[in-house]
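Engineer:
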Amino acid sequence: MTDGANWVRLAGVKQVGKGEMFAASAGKRKIAIYHLEDDSWHATDNVCTHAFALLTEGFLEGDEIECPLHAGRFSVRSGKGLCAPIDADLNSYAVRIDGADVLVNIPG
Ligand code: FES
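Going by our numbering, the sequence shown opens with residue 3, and the numbers climb by one from there.
(1) Mind checking who Thr46 pairs with in its DSSP beta bridge?
(2) Only counting the same chain, and skipping five residues up and downstream in sequence, which positions put a Cβ closer than 7 Å to that of Leu71?
(3) Return the residue from the list Phe61, Val10, Lys30 and Gly29 that minimises the CA-CA distance to Leu38.
(4) Given this structure, state the Cα-to-Cα distance separating Ala34 from Ala45, to the nearest angstrom.
(5) Select from Lys32, Ile67, Ser27 and Gly19 the residue whose C-alpha is nearest the C-alpha of Ile88.
Okay, structure coming up:
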């Protein structure tokens, strides 16, 4: 059975507490997984669109991630860039919890 999705296990549920994030890789892609205080799960690219910095080394505040390098911010729900110096959004990915596994839909 296929729905065209490519669900990949990138973390275990217990590895990412509420209010925490997790750096994962899928092939060459670096993915940030976020587990928000409202118990929702989200995933975006982990590399900032401005220069090279890993967002999981930045600061998660509510549903916004702040880049550690120049303090650009993105919505973790949509990947949308929220302020200067960000001028391009992040890719965001659907997340599904399956038992103890965190699955992310990575386009093939
Ligand atoms: S590298 Fe992220 S804001 Fe500059």
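Cβ coordinates follow ideal geometry from the N, Cα and C atoms, glycine included.
Structural biologist: For this structure:
(1) Ala34 and Ser94
(2) Cys50, Ala53 and Ala55
(3) Phe61
(4) 5 Å
(5) Ile67
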